[in-house]
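A quick write-up on the structure given underneath.
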Amino acid sequence: MTDDSLLAGQRALDLADAQGAYCGRVLADLGADVIKIEPLGGSAYRRDGPFLNGAPQAEGSLWAWAADAGKRSITLDVETPTGLALLHRLLADASYVIASSAPDALEGLGLDDVSRGQRWPRLIAVAVTAFGREGPYASYQGPDLVAMAMGGFMHSSGDDDRPPLTFSVPQACLHAGAEAAAGALFANLQRQRTGRGQRVDVSAQEAVLWTLMNTNQFWDAMRVDVRRGGAVRRRPDGARLRVHWRCKDGYVTFVGRGDWKGLAAWMQAEGFSRDPALDRDWSQVQPWSLTQDDLDRLEPLAEPFFAQRTVEELYQGAVQWRFILYPVYTVADLMGYRQLAERRFFVQVPHDGMRRAVTYPGPFVRTSHGEPRIRGRAPHAGEHNREVYQGELGLSGREMAALRAGGVI
Amino acid sequence: MSGGQRAFAGVKVADFSWVGVGPITMRYLADHGATVVRVESISRADFLRTSPPYKDGTPGVNRSAFWAAFNAGKLGLTLDLKKPKAMDVARKLIAWADVMAESFTAGAMERLGLGYEEARRINPGIIYISSTNQGQTGPYARQPGFGTQLVSLSGYTHLLGWPDREPAGAYGAYTDFISPRFGAAMVAAALAGRRRTGEGMCIDLSQLEAGLQFLAPQVLDYATSGRIATRAGNAHASAAPHNAYPCRGDDRWCAIAVANDAQWTALRLAMGDPDWSQEKRFATVLGRRRHAAALDENMGAWTQAFDAHELMRLLQATGVPAGVVQNATDLFADPQLAAQGHFVALEHPEIGRHHYERFAFRLSESASGPDAPAPLLGQHNEQVLRDVLGCSDDEIADMIIEGVLE
Numbered sequence: 062m063t064d065d066s067l068l069a070g071q072r073a074l075d076l077a078d079a080q081g082a083y084c085g086r087v088l089a090d091l092g093a094d095v096i097k098i099e100p101l102g103g104s105a106y107r108r109d110g111p112f113l114n115g116a117p118q119a120e121g122s123l124w125a126w127a128a129d130a131g132k133r134s135i136t137l138d139v140e141t142p143t144g145l146a147l148l149h150r151l152l153a154d155a156s157y158v159i160a161s162s163a164p165d166a167l168e169g170l171g172l173d174d175v176s177r178g179q180r181w182p183r184l185i186a187v188a189v190t191a192f193g194r195e196g197p198y199a200s201y202q203g204p205d206l207v208a209m210a211m212g213g214f215m216h217s218s219g220d221d222d223r224p225p226l227t228f229s230v231p232q233a234c235l236h237a238g239a240e241a242a243a244g245a246l247f248a249n250l251q252r253q254r255t256g257r258g259q260r261v262d263v264s265a266q267e268a269v270l271w272t273l274m275n276t277n278q279f280w281d282a283m284r285v286d287v288r289r290g291g292a293v294r295r296r297p298d299g300a301r302l303r304v305h306w307r308c309k310d311g312y313v314t315f316v317g318r319g320d321w322k323g324l325a326a327w328m329q330a331e332g333f334s335r336d337p338a339l340d341r342d343w344s345q346v347q348p349w350s351l352t353q354d355d356l357d358r359l360e361p362l363a364e365p366f367f368a369q370r371t372v373e374e375l376y377q378g379a380v381q382w383r384f385i386l387y388p389v390y391t392v393a394d395l396m397g398y399r400q401l402a403e404r405r406f407f408v409q410v411p412h413d414g415m416r417r418a419v420t421y422p423g424p425f426v427r428t429s430h431g432e433p434r435i436r437g438r439a440p441h442a443g444e445h446n447r448e449v450y451q452g453e454l455g456l457s458g459r460e461m462a463a464l465r466a467g468g469v470i
Numbered sequence: 079m080s081g082g083q084r085a086f087a088g089v090k091v092a093d094f095s096w097v098g099v100g101p102i103t104m105r106y107l108a109d110h111g112a113t114v115v116r117v118e119s120i121s122r123a124d125f126l127r128t129s130p131p132y133k134d135g136t137p138g139v140n141r142s143a144f145w146a147a148f149n150a151g152k153l154g155l156t157l158d159l160k161k162p163k164a165m166d167v168a169r170k171l172i173a174w175a176d177v178m179a180e181s182f183t184a185g186a187m188e189r190l191g192l193g194y195e196e197a198r199r200i201n202p203g204i205i206y207i208s209s210t211n212q213g214q215t216g217p218y219a220r221q222p223g224f225g226t227q228l229v230s231l232s233g234y235t236h237l238l239g240w241p242d243r244e245p246a247g248a249y250g251a252y253t254d255f256i257s258p259r260f261g262a263a264m265v266a267a268a269l270a271g272r273r274r275t276g277e278g279m280c281i282d283l284s285q286l287e288a289g290l291q292f293l294a295p296q297v298l299d300y301a302t303s304g305r306i307a308t309r310a311g312n313a314h315a316s317a318a319p320h321n322a323y324p325c326r327g328d329d330r331w332c333a334i335a336v337a338n339d340a341q342w343t344a345l346r347l348a349m350g351d352p353d354w355s356q357e358k359r360f361a362t363v364l365g366r367r368r369h370a371a372a373l374d375e376n377m378g379a380w381t382q383a384f385d386a387h388e389l390m391r392l393l394q395a396t397g398v399p400a401g402v403v404q405n406a407t408d409l410f411a412d413p414q415l416a417a418q419g420h421f422v423a424l425e426h427p428e429i430g431r432h433h434y435e436r437f438a439f440r441l442s443e444s445a446s447g448p449d450a451p452a453p454l455l456g457q458h459n460e461q462v463l464r465d466v467l468g469c470s471d472d473e474i475a476d477m478i479i480e481g482v483l484e
């Protein structure tokens, strides 16, 4: 742990597509040597946006930049016998192998005996799929929209007069990838004791179920199916309450509950309203105890108060008057947010060919003993072929040329 | 899944955390074999214990299925930490533990005398994880908040909704469900590191910073091009059709995501190649994106005659990515989740037989829980004090009389 690298000395072979690519990124941030093994034309997600300067281009997928930062890359056609044999040679030194999408992705790599540990007894083999390894939907295609729908997220998100929604950016694959990293590290903890590896199977659908907060519990305990309500939430008991509020230059989130106490005090101190509805004993107001009648009286009082103030004025007021109200920020707002700046959250990663380093989100946690960190920019497809095949596997220049000519690397 | 050893077998956890992220993170450990003692206060009960849904709608500190979901398989201990004897118990628990978790506003544990420095003095090898909205340091570290609001600060609310309307945002405290994956991964890595080096560590989990990991491409986009990602309905930059389409019944929808021309051709065939689908404006992804409104209208006219699940099966069978917008009723009846063993029914003393959810990975050589329901408030006081901390029956009786366990 002296060199900030909890996983120093461990190697991961990363054959994952978009569904599982983020798993290797987490392992790389923790210090593992992660080698991306890509098909000859590069991973398919290198064609996913957003793109550098907005235009689709080779090596310009910012999705791939984020998913593959700190990894090395080699190209290898694992569907040829020679390619598969090379993969198996690389596996001799690997702690983890990560595959994704097809439920039999690992079997396709000749890794069907991993859980019996015959050939690579210490190997941890991770499969990240949309629906898991077995079951009637295991072979279904599950891109982000489908996983967010089937995982239950969309049903409760969006305005009630329009179709249900997911975010405008992919999320299910990132939940699945981070979950896969946790699973791989759980298996690593066990391997330390037993000396044996195992298989880790991850379902993106199940990962999405763990973003639903309490809607499954409402059904299970009360047979209530929560319905979507957008900025004006439809509470499971039927009440409607506004959670996102328009203000002078954007939106803020104020959920209410006991927080009306601080807001009411501020509104009264400014002489904004003398409405007796603001005078109640707020210490007696429990979460959920505001009725629809209460809300119908309070919300019209707060709406103009918010509308006449900026996001920052409201956020600072909430800090001063000790209640909870948060801004609805964009990524641009976040990159200027003082809390993140003072914690030096964003990091600069150099990219060759670019005049300035590029700003990335920093560590996912801080620790007293070093931090997970980006080891460098994402590799170009096959950037490390020579380094890995010649330098580490000991192939000769002639063998390399033959593999290249044979379309294997 | 072979039984026997679990990944966290023998690992001991003192869980002082509350609400979402901390308890969920520690449940990962409990599910995989750790002994987790959840420390609570009766006078200041966990906010989720008094949040619905309650069994049959009847409130009670032991009846919230919301609280139960995040605390299955833990041992329940109540302590009134304002009492010196309770602090003695807390210190014993820290001495016993490999991992300690807390999630109060930054500075609260230090004021209580249970911060990392104090914990490390008691137990030099402790792995101490603090989870907060915005981290332990910085100008807003002490601003309280929950995931319900943090989801907006962290950029997510802005990304969910229609471009012509105010943001809709996620129903829940979305970032609360990103952080635990990183927290669980980090604790497992730290424990493995400690076995090699003997050193513990303090982990500062900022839910804002963990949440931003999933917006990395959008951060890069802004950093390189100045483009600010925003809400866009269900539109996708390079796929169409890409939306939820109406199906038969009340509020029933099927999501369809066509990423390339081969899938578009398959969809056309599935629809019986209607005239509108042969229009030139729909021939390319670019055209379908540009004419998305007309495309969605035509699609919806076709999909609305179908049962949502029937439509999904039909389209998936022909190679078109499709999935039902499942509600909770669907999820509990989902044959795929059943095959994965996602929901586990357990008998809770007050809630009765109800369902817990397993996490999203399965280990081939380590069984996973939950094996036991969430504890009642203080349910395992005597068991923890006697069997875990070695207190005598007399000591325990004194503590009960003196109100230490409240």
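Protein sequence lines correspond, in order, to chains F and R. Each position in the first sequence, counted from 1, maps to that position plus 61 in the numbering used here. Each position in the second sequence, counted from 1, maps to that position plus 78 in the numbering used here. All C-beta atoms, glycine included, are put in the ideal place defined by N, C-alpha and C. Since we're looking at a predicted model, the values are computed, not measured.
Sequence-distant Cβ neighbours of D320 of chain F in its own chain, meaning closer than 6 Å and more than five residues away, are F384 and I385. Contact between A77 of chain F and A438 of chain R is absent: CB atoms are separated by about 15 Å, not below the 8 Å threshold. F366 of chain F has its alpha-carbon roughly 42 Å from the corresponding atom of E435 of chain R. Within the same chain, P324, C325 and R326 come within 7 Å of Q382 of chain R by CB-CB distance, once the 5 residues on both sides are set aside. Cβ contact annotation for Y206 of chain R (same chain, cutoff 6 Å, sequence separation greater than five): M178, Y194, A197 and C280, in chain order. Residue F:T136 holds the alpha-carbon nearest to the alpha-carbon of I98 of chain F among F:N114, F:T136, F:P440 and F:S264. Residue contact with chain F for T407 of chain R: present (Cβ-Cβ distance below 7 Å to some residue of chain F). At least one C-beta of chain R is nearer than 7 Å to the C-beta of S229 of chain F.
A Cβ-Cβ contact shorter than 7 Å links S334 of chain F with L362 of chain F. The three-state secondary structure of L155 of chain R, taken from DSSP, is strand. Note on A248 of chain F: 16 or more other CB atoms within 10 angstroms of its CB, so buried under the neighbour-count rule. Taking the CA atoms as reference points, A340 of chain R sits about 31 Å from S217 of chain F. Close to A210 of chain F, with beta-carbon spacing below 8 Å, are these residues of chain R in chain order: A322, W331, C332, A333, G401, V402, V403 and Q404. In this chain, the alpha helix (DSSP H) harbouring H149 of chain F covers P142 to L152. In this structure, R:A146 is the residue among R:Y132, R:K161 and R:A146 with its C-alpha nearest to the C-alpha of A423 of chain R. About 7 Å separates the CB atoms of S121 of chain R and D158 of chain R; that is less than 8 Å, so the two are in contact.
For D124 of chain R, the CB contacts under 7 Å within the same chain, skipping 5 residues up- and downstream, are W96, V97, E118 and W145 in chain order. Restricting attention to F:G332, F:Y421 and F:T276, the CA atom closest to the CA of P131 of chain R is found in F:T276.
The Cβ atoms of P399 of chain R and P231 of chain F do not sit closer than 7 Å to each other.
Listed along the chain, the chain F residues whose CB falls inside 9 Å of the CB of D134 of chain R are A282 and M283. The continuous stretches of alpha helix (DSSP H) do not include I435 of chain F, and DSSP gives it neither H nor E. For the stretch 459 to 482 of chain R, the set of residues with a beta-carbon nearer than 9 Å to any beta-carbon of chain F is empty.
Of all residues in the stretch 250 to 269 of chain R, those with a C-beta nearer than 9 Å to a C-beta of chain F are G250, A251, Y252, D254, F255, I256, S257, P258, R259, F260, G261, A262, A263, M264, V265, A266, A267, A268 and L269, reading in chain order. In this chain, the beta strand (DSSP E) harbouring K90 of chain R covers K90 to D93. When C-alpha distances from V287 of chain F are compared across R:T407, R:R243, R:F86 and R:R259, the shortest belongs to R:T407. By the rule that beta-carbons nearer than 7 Å mark a contact, A393 of chain F touches chain R. Its chain contains V336 as the residues whose beta carbon lies nearer than 6 Å to that of W342 of chain R, once the 5 sequence neighbours on both sides are disregarded; these appear in chain order.
Burial state of L347 of chain R is exposed, judged by a 10 Å Cβ sphere holding fewer than 16 other Cβ atoms. Distance between N321 of chain R and D134 of chain R, taken at the CA atoms: about 36 Å. Per DSSP, reduced to three states, the secondary structure at K97 of chain F is strand. Contact between T190 of chain F and Q80 of chain F holds: CB atoms are separated by about 7 Å, below the 8 Å threshold. Remark: C-beta atoms of A112 of chain R and V89 of chain R approach each other more closely than 7 Å. Taking each of F:R86, F:L91, F:L401 and F:I159 in turn and checking the Cα distance to A128 of chain F, the smallest one comes out for F:R86. Under the Cβ criterion of 7 Å, R107 of chain F is not counted among the residues facing chain R.
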